[in-house]
Amino acid sequence: MTTIQVMKPSDITLVAKMAQELFKENDFAALKKEFECLSGSQKDTILVAKENKGTAGFIHMSLRYEYVEGTTSTPVAYIEGIYVKPDYRQRHVAHKLISAGEGWAKSKGCTQIASDVELYNTISQKVHQKTGFKEVNRLVCYVKSIEL
């Protein structure tokens, strides 16, 4: 049985390890420090999925007050990251995390939740679609270095 709870200080290291799987380019120590800082935040929440005695995944949600693509209200609850360990996938863990995130969003006065997904991440796109999200845009980002 999966239960969802707010991240506790004892969860931070494990959540940071999962976040490093999600955001491979990020440094573990920096992620751990970020989650320590977010703990107790009024505009962020990290919810953790527990199954038996193991940790199955997490979702990090924040409140955004600036315009978010495709939204019509403010603040918007934004999924900053969601991760489910491979052994726990296909068990509706992501759906439970998103549902718990919706509850948090409602408690903060939000009427919309937004998220983004990399174009190559088709698995995450399917999760979003299966949990009721509607695609509102596709974006290609560019960068050009210039000489000084």
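Counting along the sequence shown from 1, when you hit position 110 you're at 109 in numbering that gives the first Met the number 0, and nothing is skipped either side. The beta-carbon is built from N, C-alpha and C at its ideal position, and this holds for glycine as well. On a predicted model such as this, the values are computed, not experimentally measured, just so you know.
By the neighbour-count definition (other C-beta atoms within 10 Å, threshold 16), G108 is an exposed residue. With contact defined as three or more Cβ pairs closer than 8 angstroms, the stretch 30 to 43 and the stretch 81 to 101 are not in contact.
In this chain, the beta strand (DSSP E) harbouring I112 covers I112 to S114. With 16 or more other Cβ atoms from the protein chains shown falling within 10 Å of its own Cβ, F57 counts as buried. Rounded to whole angstroms, the separation of the alpha carbons of G69 and A15 is 30 angstroms. A buried status is given to G100, since no fewer than 16 other beta-carbon atoms sit within 10 Å of its beta-carbon.
A straight-line Cα-Cα distance of about 14 angstroms links K42 and G102. Between the alpha carbons of H127 and K133 lies a gap of roughly 8 angstroms.
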